[in-house]
Amino acid sequence: MERKQHTLCVKLRKDDDFSFLNVRINICGAIWNAGCTIMREYYKNTGKTMTKGMLYAQLGEMRKHIPSWSLVYSQVLQQVADRILAAYELFFTNIKKKKNGAKLKCSPPKCHKIRKQKSMTFKQYGKGFLFTGPGEVTIQGKKFRYYDSYDGLLEQAAVHTMTVKRNSLGEIFLYITCSADTKGESWEGRSAVGMDFGLKRFLTLSDGTVIEHPEFFKQYTKEIKGLNRALSRKQGGKKGEAWSSGYKKSLEDLARLHLKIANQRRDWFYKLSRELCKRYSIICIEDLNMKAMQMHKHWGRKVSDYAYSEFVLILKGIAEKFGTAVVEVGTFFPSTRTCNECGHVNDKMAPDIRTFVCEECGYTIDRDLGAAINILSEGLRILRETKADSA
Ligand SMILES: [Zn+2]
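To convert, note that position 238 of the sequence shown is 237 in numbering that gives the first Met the number 0; the numbers rise steadily by one, no gaps.
This is how it looks when you write it as structure tokens:
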């Protein structure tokens, strides 16, 4: 067994009352502003920055006199101070880089509007938060429920920190760092698979399984087009035109829809990743950068809509939990052009040709399936080589 560090993210259930959390995040915003002001004044007067201890003490002193601040846990207040200090450090590093000729914008951390404060962080498990049951977390004595996308992992994990983060839709997510056991290389009973990404089909697996894009993606594409049309009809769409209230409303609708799509897509990626990792012990995929580049060349900006990189990131995270190995197949491997039967590397194929026919032996196979099979055998070869190296 191996202990690994993870950052997990879960969403709080909507029906809980979030004002308890929002009030506290707002106070963190006020603390941030106070901290930035104190630091700036001190720097102006002395030419030095405050030490961590000094800033903690100053803010701690203020906490005694501002009643609302006592709602915020003292370690949460300290974490806001930590972030200000880190921002100052970055500021000084950037100044140095700038002196050496780098083009950088640099300014010390500034005050911001309270609603721009997005999060608060608890530094230590048991100090301000506890996972108290299946899908249940207690934050400063108040219970909240979350969608348990990790099948109870959080209850067994050694939890370190938790960040409560809100977005512009009023949703709240928890980001939890923890150590959890992963099974390492216990791959018994599960098989290896190669996967090819595509635009028409999301995934083609080397065992013939095809995973299509869920229907809701297509519906939303229509909706987005409609909203964009509505937007262009409203006053404010042209350059220099003042935004009308209708224009603003349409903008908001569009932003909301984009967020909704992103959320649904992420949920789907999690679900799919879990299914794949339960089923397979080794998953071979193509190196993502390369894949994105190829697809970009052929298909243009549409590629980003499918968020492959997000999917691979999620897949890797879930794979760790299940003890599944994700093997990335190298950059210059011609997965779509290599014959599964004789190994001959064929000439370039146009992206819209769906069937592979080998010039050498005449072997015929679905293009994506052939690619997935090649990705699998290349992935297994890499895995054998790495094992031989480390043995
Ligand atoms: Zn062939």
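No residue lacks a Cβ here, since even glycine has one placed at the ideal position from N, Cα and C. In this text, all values refer to a predicted model and were calculated from it rather than measured experimentally.
In the structure shown, Glu285 adopts extended strand secondary structure according to DSSP, grouped into three states.
By the neighbour-count criterion, in which a residue is buried when 16 or more other Cβ atoms sit within 10 angstroms of its Cβ, Pro108 is buried. Rounded to whole angstroms, Arg336 and Pro350 show a C-alpha spacing of 11 Å. Leu84 sits in a helix when the DSSP states are folded into three classes.
Judged by DSSP in its simplified three-state form, Leu168 adopts coil rather than helix or strand. For the pair Ala191 and Glu285, the Cα-to-Cα distance works out to about 15 Å. Three or more beta-carbon pairs separated by less than 8 Å are not found between the stretch 194-211 and the stretch 232-252, which leaves the two stretches without contact. In chain order, the residues that have a beta carbon nearer than 6 Å to some heavy atom of ligand 1 are Cys338, Glu340, Cys341, His343, Cys357, Glu359, Cys360, Tyr362. The shortest CA-to-CA distance from Tyr146 to any of Gln74, Leu11, Lys115 is the one to Leu11. With contacts defined as CB atoms closer than 9 Å, Ala318 and Thr203 fail to qualify as a contacting pair. In the same chain as Asp206, and ignoring 5 residues on each side of it, the C-beta atoms closer than 7 Å to its own belong to Val192, in chain order. Here Cys35 is buried: its Cβ has 16 or more other Cβ atoms, across all protein chains shown, within 10 Å. By DSSP's assignment, Met194 forms a beta bridge with Leu204. Membership of Lys141 in the beta strand (DSSP E) is indicated by the continuous run 141-146.
Note on Ala56: under 16 other CB atoms within 10 angstroms of its CB, so exposed under the neighbour-count rule. Taken atom to atom, the span from the alpha-carbon of Leu275 to that of Glu384 is near 24 Å. If the five residues before and after Ile352 are omitted, its C-beta is found closer than 7 Å to the C-beta atoms of Arg366, all from its own chain and listed in chain order.
In the DSSP assignment, Ala157 is bridged to Ser178.
Cβ-Cβ separation between Leu226 and Leu253: approximately 5 Å, consistent with a contact (criterion under 8 Å). Taking Gln116 as reference, the option from Lys51, Gly28, Glu40 with the minimal CA-CA separation is Gly28.
In the structure shown, Leu275 adopts helical secondary structure according to DSSP, grouped into three states. CA-to-CA, the gap between Lys142 and Lys122 works out to about 19 Å. Beta-bridge annotation (DSSP): Cys8 is paired with Tyr174. When secondary structure is reduced to three states using DSSP, Thr48 falls in the coil class, being assigned neither helix nor strand. From the listed residues Ile281, Lys320, Gly127, the smallest Cα separation to Arg380 is found for Ile281. DSSP, reduced to helix, strand and coil, places Ile65 outside both helices and strands of the structure shown, so it counts as coil.
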